[in-house]
Amino acid sequence: MYNKKHSAITSIIMLFFVFSMMAARSREKDIYHNQGMIIMSESVQLKAGPDESSPVISDLAPGSKVYKNDFIGEWTQVRNEYGDLGWIRTTSAGKI
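Numbered per this note's numbering, the sequence shown spans residues 442 to 537.
Written out as structure tokens, the structure reads:
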């Protein structure tokens, strides 16, 4: 009986530890590896390529959240909240 009770308590403690570590890792990722950006400029177009002559994929409203994927020079590749991948000028958005 003692062994079953001891085993149950140990299992509960182990589960709590595992879930705590998972939560801590998730929070650490949010804080230190956040790729989120907010569109700061009035008129921002999500473009298919990193230049002004590239086709426009969509317009991004000020305050829209995007996620940084890559960058080339003054252009940043981002993914919007709808999953569209494209390029914006780096100065158009600020890090969260």
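Don't be surprised by glycine CBs; every beta carbon is placed ideally from N, CA and C.
Item: Burial state of V497 (16 or more Cβ within 10 Å); Value: exposed
Item: C-beta contact flag for W516 and T532 at 8 Å; Value: no
Item: Buried versus exposed, by CB contacts within 10 Å (16 or more), V485; Value: buried
Item: beta-carbon E522 near the ligand MG non-hydrogen atom, thresh 7 Å; Value: Among the components of this structure there are no ligands whatsoever, and the ligand MG is therefore not found.
Item: A449 - DSSP class collapsed to helix/strand/coil; Value: helix
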